[in-house]
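Comments concern the structure below.
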Amino acid sequence: MLRITADIFSGRPNPVWEVSDELEVRATLRALTADRGLLTDAAPPESGLGFRGFRVEVLSDELAQDFGVDAATYLAVGQQAGSPRAAEVGDRLVSLIEPGDPHTAADAPPLDVPLKDFLSEQLGLAAALESQSRASLADQAAPPAAEAAAPAVTCTIEFGAFNPGFWNNDPNVRLNNNCYNYASNWRTNTFAQPGRGCGHMYTAITCAEVTRGAICDGMHRRFDCFPDSEKPRYLVALVVAPGPGFRDYHWYRKQKEGFWGHKPGGTEARNWDESHNVITNPETANRGPYTIFCGYFYGCHSQQLRIK
Amino acid sequence: MDVEVDLYSGRPNPRFHLGPATAAELMHRLAALPPLSGRATPRATLGYRGLRVDAGVIESTITEIVVSGGAVFVCDRAGTQRVLEDRERGLERWLVEAGAGQLDPNEVAVLDQDLKS
Numbered sequence: 288m289l290r291i292t293a294d295i296f297s298g299r300p301n302p303v304w305e306v307s308d309e310l311e312v313r314a315t316l317r318a319l320t321a322d323r324g325l326l327t328d329a330a331p332p333e334s335g336l337g338f339r340g341f342r343v344e345v346l347s348d349e350l351a352q353d354f355g356v357d358a359a360t361y362l363a364v365g366q367q368a369g370s371p372r373a374a375e376v377g378d379r380l381v382s383l384i385e386p387g388d389p390h391t392a393a394d395a396p397p398l399d400v401p402l403k404d405f406l407s408e409q410l411g412l413a414a415a416l417e418s419q420s421r422a423s424l425a426d427q428a429a430p431p432a433a434e435a436a437a438p439a440v441t442c443t444i445e446f447g448a449f450n451p452g453f454w455n456n457d458p459n460v461r462l463n464n465n466c467y468n469y470a471s472n473w474r475t476n477t478f479a480q481p482g483r484g485c486g487h488m489y490t491a492i493t494c495a496e497v498t499r500g501a502i503c504d505g506m507h508r509r510f511d512c513f514p515d516s517e518k519p520r521y522l523v524a525l526v527v528a529p530g531p532g533f534r535d536y537h538w539y540r541k542q543k544e545g546f547w548g549h550k551p552g553g554t555e556a557r558n559w560d561e562s563h564n565v566i567t568n569p570e571t572a573n574r575g576p577y578t579i580f581c582g583y584f585y586g587c588h589s590q591q592l593r594i595k
Numbered sequence: 120m121d122v123e124v125d126l127y128s129g130r131p132n133p134r135f136h137l138g139p140a141t142a143a144e145l146m147h148r149l150a151a152l153p154p155l156s157g158r159a160t161p162r163a164t165l166g167y168r169g170l171r172v173d174a175g176v177i178e179s180t181i182t183e184i185v186v187s188g189g190a191v192f193v194c195d196r197a198g199t200q201r202v203l204e205d206r207e208r209g210l211e212r213w214l215v216e217a218g219a220g221q222l223d224p225n226e227v228a229v230l231d232q233d234l235k236s
């Protein structure tokens, strides 16, 4: 279920509506997450008066994990919008208002027009401001490459429950399975190496080479979706220790509980970083000498079977 | 007797071999270590953690020795573990020196740096 709040008023309570239809909820989340640049944690501090955006609360933990969003996220519209698609996605959110829904606190004064019409009109005004703002900025700077390459798809993936005992209880299992085994959630007892299973192991400890090996084994880069037949499709992250001296790679896997698990070599699987904090973001976690973040990938069943 | 340097997360750890005389010296040094007072566990950080000695080949009762951060964990065939004190990481330092010639110089530099800290 989703709870959507239109962040538009200053004095009176903001309109709130809920969406319970599962298919509609998932379609909406797909639209929201197709362009991550649209979403922020909260209203941008520069937001002023008028239609500022939508606060979207995901009321199911599983849904939040499926789409890789926090329990609450924010879609800014108008001049603070993250992209021109903001108004289009905002329109979709407004369209989910059902006649007769209790939109606001009971003691709030009524609007002169139906809420849906009112919000659509206000959203149109905000979009006009947004396009004016972009037109004035267009000549100043091209969008960053990363933004231009933002993915337009959302993949359905799986998350495994954090189960360290599977890796830690038997010393032989613990010693003979490494971070790549853990990321793949597949015990080979061979200290698996990216690319060894497909016959083309990495030839250097660099993001490019370890990535090449993992993709050769069957992994995909994030947003390059796998079909359902490849379940389980885990979200994993690759990092590299570049040296000088210490050169190695390391993997993390996102867990059902929302944090990330990992297994440093032959040591115990865990969900905490070098500062002993639970890992909620592998990009910002304390990773010791593994200072280069290479990116996110999806594992899959074929890759599990192939790794050696 | 083989020694594994517990260093990497993804790559296979480097190993070196101790000849009979050096292995005997290791057991002699081990016998001289006092028990550690208090609790200890092997280091579990990312990066260099310690040395794991596969003692099962030549020693009749000891199966594994882990030398890590000032403590030595000795496992025997009965499954019991003794924890000894490695003052100023002396045994760890001696083992690294014993194996340095068989390791990549970059790896030796990492171990030396860690032992200085």
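Those protein sequences? They're chains B and C, same order as listed.
Whatever position you read off the first sequence (first residue = 1), add 287 for our numbering.
Whatever position you read off the second sequence (first residue = 1), add 119 for our numbering.
No residue lacks a Cβ here, since even glycine has one placed at the ideal position from N, Cα and C.
| field | Under the three-state DSSP convention, the category W473/B falls into | value | Coil at W473/B, not helix or strand.
| task | Apply the 10 Å Cβ neighbour rule to H266/B and answer buried if 16 or more other Cβ atoms are within range, or exposed otherwise. | result | Residue 266/B lies beyond the range of chain B shown here (288 to 595); nothing can be said about it.
| Going straight from the alpha carbon of W454/B to that of T199/C, what length do you get? | Going by the C-alpha atoms only, they are around 21 Å apart.
| task | Check whether the Cβ atoms of C581/B and F513/B sit closer than 8 Å, and answer yes or no. | result | Contact flag unset, no.
| query | Out of curiosity, what's the CA-to-CA distance linking P431/B and E333/B? | reply | Bear in mind that a pLDDT of 34 at P431/B, under 50, signals an unreliable position, so the number given afterwards is only what the model happens to contain. Linking P431/B to E333/B through their CA atoms gives a straight-line distance of about 21 Å.
| request: Can you tell me which of the three DSSP states G335/B falls into? | output: G335/B carries a coil assignment under DSSP once its states are collapsed to helix, strand and coil.
| message | At the level of alpha carbons, what is the spacing between S156/C and G486/B? | response | Near 50 Å, if we compare the C-alpha coordinates of G486/B and S156/C.
| field | Touching by the beta-carbon criterion (3+ pairs, under 8 Å), the stretch 143-155 of chain C and the stretch 512-531 of chain B | value | No: the two stretches stay apart, fewer than three of their Cβ pairs being nearer than 8 Å.
| query | So, using beta-carbon positions, are L170/C and R208/C closer together than 8 Å? | reply | Not a contact, by the Cβ cut-off of 8 Å.
| message | Going by DSSP in three states, T320/B sits in which element: helix, strand or coil? | response | Reduced to three states, the DSSP call for T320/B is helix.
| request: Kindly indicate which three-state DSSP category F597/B falls into: helix, strand or coil? | output: Residue 597/B cannot be examined here, being either before or after the span of chain B that is shown, 288 to 595.
| said: My assumption, with CB atoms under 8 Å, is that D322/B sits in contact with S382/B. Please give the rounded CB distance. | reply: Cβ atoms of D322/B and S382/B stay farther apart than 8 Å, at about 18 Å.
| request: Could you name the residues of chain B that D195/C contacts, counting a contact when the two beta carbons are closer than 8 Å? | output: Per Cβ cutoff of 8 Å: no residues; D195/C is ~14 Å from chain B at best.
| Which of the residues in the stretch 183-194 of chain C, read from start to end, lie with their CB under 8 Å from any CB of chain B? | Along the stretch 183-194 of chain C, none of the residues has a CB nearer than 8 Å to a CB of chain B.
| task | State buried or exposed for G484/B, treating a residue as buried only when at least 16 other CB atoms are found within 10 Å of its CB. | result | Per the 10 Å Cβ criterion, buried.
| request: Using a threshold of 8 Å, state whether the C-beta atoms of L165/C and V186/C are closer than that. | output: Not in contact: L165/C and V186/C (Cβ atoms no closer than 8 Å).
| Helix, strand or coil for G553/B per DSSP? | DSSP places G553/B outside both helix and strand once states are collapsed to three, so it counts as coil.
| task | Classify L230/C as helix, strand or coil using the three-state DSSP reduction. | result | DSSP places L230/C in helix when its eight states are reduced to three.
| request: Please state if the CB of F341/B and the CB of T441/B are separated by a distance shorter than 8 Å. | output: Contact annotation: T441/B and F341/B have beta-carbon atoms that are not nearer than 8 Å.
| query | Which full runs of the alpha helix (DSSP H) of 4+ residues lie inside the stretch 347-376 of chain B, going along the chain? | reply | For the stretch 347-376 of chain B, the continuous alpha helix (DSSP H) assignments of 4+ residues that do not extend past its boundaries occur at 348-353, in sequence order.
| request: Would you identify the three-state DSSP class for A217/C, choosing helix, strand or coil? | output: Helix at A217/C.
| Residues in its own chain within less than 8 Å of T320/B by CB, not counting five upstream and five downstream? | Excluding residues within five positions, the ones whose Cβ falls inside 8 Å are L326, F354, G355, V356 and T441.
| R520/B vs F584/B beta-carbon contact at 8 Å | In this structure, F584/B does not lie closer than 8 Å to R520/B by Cβ.
| request: Could you list the residues in the stretch 465-489 of chain B with a C-beta less than 8 Å from some C-beta on chain C, going in chain order? | output: Cβ proximity to chain C below 8 Å picks out N465, C466, Y467, F478, Q480 and P481 from the stretch 465-489 of chain B.
| task | Check G452/B in the structure and name its three-state DSSP category. | result | Residue state, collapsed to three classes: helix.
| message | Tell me whether the stretch 465-473 of chain B and the stretch 525-540 of chain B touch, counting them as touching only if at least three CB pairs, one residue from each stretch, are closer than 8 Å. | response | As far as the Cβ criterion goes, the stretch 465-473 of chain B touches the stretch 525-540 of chain B, which means the pair count is three or higher.
| task | With 9 Å as the C-beta to C-beta threshold (strictly closer), list the residues of the stretch 536-549 of chain B near chain C in chain order. | result | The residues in question are Y536, H537, W538 and H549.
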